[in-house]
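The numbering of the sequence shown is the numbering used here, which starts it at 2 and goes up by one. Beta carbons: idealized from backbone N, C-alpha and C, even for Gly. Have a look at the structure below, then the notes.
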Amino acid sequence: MIRKQTLQTRLVFISIVVVIFILAGCAVEKRTYWRDPKTALALQYWMPENQVLKYQTSAKQTQIIEVMGQSVEVETEKTIEFSVKSKGLKENNLQLEVTIDSMSIKITSPQGDLSPDMSTVIGKSFDMTLSILGKEMDLSGADSIKYDLGPGGKRSISADFQAIFPNLAGRPVKIGDTWTTKDTITEKSDNGEVRINLESVNTLEGFETVNGLECVKITAEVTGTLDGEGYEQGMDLTFKGEIKGTDTWYFAYMKGIFVKMITDVSTEGTITTSGAQSMTIPMTQEMKIEVKLIK
Numbered sequence: 002m003i004r005k006q007t008l009q010t011r012l013v014f015i016s017i018v019v020v021i022f023i024l025a026g027c028a029v030e031k032r033t034y035w036r037d038p039k040t041a042l043a044l045q046y047w048m049p050e051n052q053v054l055k056y057q058t059s060a061k062q063t064q065i066i067e068v069m070g071q072s073v074e075v076e077t078e079k080t081i082e083f084s085v086k087s088k089g090l091k092e093n094n095l096q097l098e099v100t101i102d103s104m105s106i107k108i109t110s111p112q113g114d115l116s117p118d119m120s121t122v123i124g125k126s127f128d129m130t131l132s133i134l135g136k137e138m139d140l141s142g143a144d145s146i147k148y149d150l151g152p153g154g155k156r157s158i159s160a161d162f163q164a165i166f167p168n169l170a171g172r173p174v175k176i177g178d179t180w181t182t183k184d185t186i187t188e189k190s191d192n193g194e195v196r197i198n199l200e201s202v203n204t205l206e207g208f209e210t211v212n213g214l215e216c217v218k219i220t221a222e223v224t225g226t227l228d229g230e231g232y233e234q235g236m237d238l239t240f241k242g243e244i245k246g247t248d249t250w251y252f253a254y255m256k257g258i259f260v261k262m263i264t265d266v267s268t269e270g271t272i273t274t275s276g277a278q279s280m281t282i283p284m285t286q287e288m289k290i291e292v293k294l295i296k
């Protein structure tokens, strides 16, 4: 019995680690170029130098693993408020300074609650290069901004921002048009690495006013894969999974500003352990994420 409880405790800890691994989606000084909404829109990101936008990201995830015929559930809630300041354009890409205004994480498992100290993150800034179509580039400064999960090791905030802005079409689009975009998110820790590859088929659905801003409404069907490896408490771990979900997002086409996105995704996969006790553990995850402009 003691041996079984010890193994279950270790596997609960592993599931927490996996949750944290995953929790982890213009020309010079001119406005976004847009055409008649009845014909086609050329959507582009645009922020004049020194403009500051404030966003909030809220994520809630439930993960269930099957251990020796029993279900072990881990819930994670993460909230980040961050500011984005434009430093102008360079080679037709936006140069941004991102500051973490506040951040909290709460993990609930059968072993109790875990709320890491985020004081090493709050108030810190890093630079991001963003293409006018929403592709994040050069987040190297984010890698050095880390928080401590105790036995789970240290994590950087980089994965939270590698795909924070949705990608635009790169051509004029009208209602009903679709375009496909791809993103890769890599989460590194002291004990391993997880990679998430996503493909989104976006459709321009129509127009809607959100927070007083005239926006296009875009929906997306999302598919992807999760894979990675790690090492915890004497066990080598391999993660694999298939991802499916949807995005609904809003873009202020006359201002070139991302306004809001709601994401619902599910993952079905496995955690394979090797070592003294080798096994393959089924894993399911349900996640809801909201990113919104708050100022």
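- SER190 and ILE176 have their C-alpha atoms roughly 42 Å apart.
- Within its own chain, the residues whose Cβ lies closer than 6 Å to the Cβ of LYS241, once the five positions on either side in sequence are excluded, are ASP228, GLY270, THR271, listed in chain order.
- Secondary structure at GLY153: helix, using DSSP grouped into helix, strand and coil.
- With a threshold of 16 other beta carbon atoms within 10 Å, GLY213 falls short and is exposed.
- A direct Cα-to-Cα measurement between GLU233 and VAL202 gives close to 36 Å.
- Taking all protein chains shown into account, ASN51 has fewer than 16 neighbouring C-beta atoms within 10 Å of its C-beta and is therefore exposed.
- Contact check between the stretch 123-133 and the stretch 96-108: three or more CB pairs, one atom from each, fall below 8 Å, which counts as touching.
- Of the candidates LEU294, ARG156, ASP178, the residue whose Cα lies closest to the Cα of VAL122 is ARG156.
- Assigned with DSSP and collapsed to three states, ASP161 falls in helix.
- Burial of THR264 is indicated by the presence of at least 16 other C-beta atoms within 10 angstroms of its C-beta.
- ASP161 and ALA41 have their C-alpha atoms roughly 32 Å apart.
- In the displayed model, GLY142 falls within a helix according to three-state DSSP.
- With a cutoff of 8 Å on beta-carbon distance, GLY154 and ASN198 are scored as not near each other.
- A contact is defined here as three or more CB-CB pairs under 8 Å, and the stretch 51-64 meets this definition with respect to the stretch 273-292.
- Annotation: the continuous beta strand (DSSP E) that includes ASN203 extends over 193-211.
- Between the C-alpha atoms of ILE244 and THR268 there is a straight-line separation of about 5 Å.
- The alpha-carbon separation between ASN93 and LYS293 amounts to approximately 25 Å.
- When only Cα atoms are considered, ALA253 and VAL266 end up about 24 Å apart.
- Along the stretch 108-141, the alpha helix (DSSP H) does not occur as any fully enclosed run of 4 or more residues.
- The C-beta distance from LYS261 to VAL217 rounds to 12 Å, too long to meet the 8 Å contact threshold.
- Counting only the Cα atoms, THR247 lies some 23 Å from ILE66.
- Taking the Cα of THR204 as reference, the smallest distance to any Cα among PHE127, ALA221, ASN168 is reached at ALA221.
- In terms of Cα proximity to GLY135, the closest of GLN163, GLY276, ASP178, ILE81 is GLN163.
- An exposed status is given to ASP144, since fewer than 16 other beta-carbon atoms sit within 10 Å of its beta-carbon.
- A residue is called buried once 16 or more other Cβ atoms fall within 10 Å of its Cβ, and LYS79 is buried on that count.
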